[in-house]
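Everything in the sequence shown is counted per the numbering used here, starting at 639 for the first residue and increasing by one. Yeah, the Cβ is synthetic: ideal placement off N, Cα and C, and Gly gets one too. Quick caveat, the model's predicted, so the values are computed rather than measured. Structure, as structure tokens:
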Amino acid sequence: YLAHAPMEPLNCVIDLKDDRCTVWAGTQFQTVDQGAVAQVLGLAPDKVTVNTLMAGGGFGRRAVPTADYLVEAANIVKAWKAKGNSTPLKILWSREDDIRGGYYRPMHVHRTEIGFDDKGNVLGWDHTIVGQSILTGTPFEAFMVKNGVDSVSTEGVADTPYNVPMALQVHHPKVNVPVLWWRSVGHTHTAFVMETLVDEIARATGQDPVAYRRALINDKHERHLAALDLAVDKSGYGKKTLTKGQAFGVAVHESFGSVVAYVVEASVANGQPVLHRVTAGVACGTAVNPLAVEAQVQGAALMALGTTLPGSAITLKDGVVQQSNFGDYTVARMPQMPLVAVHIVPSTEPPTGMGEPGVPPLAPAFANALAQLTGKPLRSLPFEMG
639 YLAHAPMEPL NCVIDLKDDR CTVWAGTQFQ TVDQGAVAQV LGLAPDKVTV NTLMAGGGFG
699 RRAVPTADYL VEAANIVKAW KAKGNSTPLK ILWSREDDIR GGYYRPMHVH RTEIGFDDKG
759 NVLGWDHTIV GQSILTGTPF EAFMVKNGVD SVSTEGVADT PYNVPMALQV HHPKVNVPVL
819 WWRSVGHTHT AFVMETLVDE IARATGQDPV AYRRALINDK HERHLAALDL AVDKSGYGKK
879 TLTKGQAFGV AVHESFGSVV AYVVEASVAN GQPVLHRVTA GVACGTAVNP LAVEAQVQGA
939 ALMALGTTLP GSAITLKDGV VQQSNFGDYT VARMPQMPLV AVHIVPSTEP PTGMGEPGVP
999 PLAPAFANAL AQLTGKPLRS LPFEMG
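Written out as structure tokens, the structure reads:
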């Protein structure tokens, strides 16, 4: 499991005046929050005004179908008002409140059996995904859960750009851990699995991982090739000589309409992985604001790096979350931040999403570089280097 752990904890201000209510919150889910607050206070939704503030991080945590922290605040304000008080109230969750009592990106386990010949041609790919459904019980269930399958659990696998004959199964166990989308949603785990497996096949058949991807990617996915080629060219992959003990790692993945390819340079120091440099090739249609694209990719790369580090998982003991704050829930810090160079594929196509696509390919690219160094594939997040 992963926590969102935004730098700014969950908070809001609610001002209830007679038959009207005003809310100030850094929300990602205004309509749902408006309706939830209105229901608690016994008001029509149009009597609740939601002012959206700049938030110090959200990553999906401020887009909750239950509107949990706002519902709590509305109940407190309702009781406050019943006692004759009329001043606005600000409610602030501590980070401990959120990490121990919030929502989490669900844990997933993938099992694959792949048959391929000595040239790397994939003859069969049997893939099973096991993990909790995020969408069941939400307003999205009606059109995003079909035949019992939560579509966000399979995104990045079911729509793979690779020419592979695949049989895909999904199982959603009922577990009493509250789960929610997390930056890039299902792609957080599917990209890691797909891109590390493709690298394993390339290594097993003695092929360059970039050349192998180019051959395996379906011709319809030109943007994957464009992003990959740009990242490879700008990184010096196959041309420049790396410092002894360093290796390149590659991954390319599409999410939210955009394709991001990473070529990373990594090493192992004192038994721990080190990420030195990240070169990104981004196919996002017309880049309306190239600096915003660059900033999103840099931030996403850092957030994704955090998921690879020891201590970056939420664990439970006897049903109780063991982590509480940044002291025991690891996030990437400034000394671990690599140089991230972002290059955008020129395009006149409509712009596509950039808030999330920079997350998925980072961990597999990093893992693939480490596998080149150690000869051992990494098959879990956070990384287990033992």
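Could you pull the DSSP bridge partners for residue i from this structure?
i: His-809; result: Val-768
i: Phe-754; result: Val-760
i: Ala-918; result: Tyr-900 and Val-980
i: Leu-954; result: Val-959
i: Val-661; result: Ile-652 and Val-688
i: Pro-988; result: None; Pro-988 has no bridge partner.
i: Tyr-742; result: Val-817
Helix, strand or coil, according to DSSP, for residue i in the structure here?
i: Lys-721; result: coil
i: Phe-964; result: coil
i: Asp-797; result: coil
i: His-981; result: strand
i: Val-926; result: coil
i: Lys-685; result: helix
i: Met-727; result: Just to set this straight, residue 727 is Leu in the shown sequence, not Met. The answer is strand: DSSP assigns Leu-727 an E or B state.
i: Asp-656; result: coil
i: Gly-937; result: helix
i: Gln-668; result: helix
i: Gln-845; result: coil
i: Asn-1006; result: helix
i: Lys-784; result: strand
i: Leu-773; result: coil
i: Arg-852; result: helix
i: Pro-638; result: Only positions 639 to 1024 of the chain appear in this structure, which leaves residue 638 out of reach.
i: Leu-1026; result: Nothing in the structure corresponds to residue 1026, since the chain is present only between 639 and 1024.
i: Leu-708; result: helix
i: Met-804; result: strand
i: His-642; result: coil
i: Leu-913; result: strand
i: Arg-749; result: strand
i: Arg-699; result: coil
i: Lys-1014; result: coil
i: Phe-830; result: helix
i: Leu-943; result: helix
i: Ala-693; result: coil
i: Val-997; result: coil
i: Gly-673; result: helix
i: Ser-791; result: helix
Does the separation of the CB atoms of residue i and residue j fall below 9 angstroms?
i: Ala-829; j: Ser-893; result: yes
i: Pro-803; j: His-859; result: no
i: Val-890; j: Ala-869; result: yes
i: Leu-943; j: Ala-1001; result: yes
i: His-810; j: Tyr-741; result: no
i: Tyr-639; j: Ala-951; result: yes
i: Ala-921; j: Ser-896; result: yes
i: Pro-989; j: Gly-923; result: yes
i: Ala-849; j: Val-898; result: no
i: Arg-841; j: Ala-1009; result: yes
i: Ile-772; j: Val-823; result: yes
i: Gly-769; j: His-827; result: yes
i: Pro-1015; j: Asp-837; result: yes
i: Val-670; j: Pro-777; result: yes
i: Val-675; j: Ala-712; result: yes
i: Thr-881; j: Tyr-900; result: no
i: Glu-833; j: Pro-999; result: yes
i: Arg-821; j: Ala-938; result: yes
i: Ala-720; j: Phe-667; result: no
i: Ala-1007; j: Phe-886; result: yes
i: Gly-919; j: Val-983; result: yes
i: Gly-673; j: Ala-705; result: yes
i: Pro-1020; j: Thr-953; result: no
Judging by CA-CA distance, which residue of the options is the nearest neighbour of residue i?
i: Met-745; options: Asp-671, Val-817 and Asn-1006; result: Val-817
i: Ala-1003; options: Gly-944, Val-902, His-859 and Lys-719; result: Val-902
i: Thr-766; options: Ala-796, Asp-871 and Asn-713; result: Ala-796
i: Thr-665; options: Asn-649, Arg-658 and Asp-657; result: Asn-649
i: Gly-993; options: Ile-839, Met-941 and Ile-729; result: Met-941
i: Lys-716; options: Pro-1015, Cys-659, Val-688 and Ser-985; result: Cys-659
i: Asn-759; options: Pro-976, Asn-801 and Leu-954; result: Asn-801
i: Asp-595; options: Gln-672, Ser-724 and Asp-871; result: No answer is possible for residue 595: it lies beyond the span of the chain, which begins at 639 and ends at 1024.
i: Glu-734; options: Gly-937, Thr-704 and Glu-646; result: Glu-646
i: Tyr-967; options: Gly-794, Asp-736, Pro-703 and Met-1023; result: Asp-736
i: Ala-925; options: Leu-835, Trp-731 and Val-980; result: Val-980
i: Pro-726; options: Glu-751, Trp-662, Val-959 and Pro-984; result: Trp-662
i: Lys-812; options: Lys-784, Gly-775, Leu-806 and Met-782; result: Gly-775
i: Gly-965; options: Pro-948, Lys-955 and Gly-957; result: Pro-948
i: Glu-1022; options: Val-808, Arg-971, Asp-867 and Gln-910; result: Gln-910
i: Gln-936; options: Gln-974, Ser-962, Val-959 and Thr-953; result: Gln-974
i: Val-686; options: Met-692, Asp-656 and Ser-732; result: Asp-656
i: Asp-755; options: Trp-763, Asp-956 and Arg-749; result: Trp-763
i: Ile-729; options: Leu-929, Glu-710 and Val-747; result: Glu-710
Can you check the segment 858-907 for any alpha helix (DSSP H) of at least 4 residues that lies completely inside it and give the ranges in chain order? 860-873
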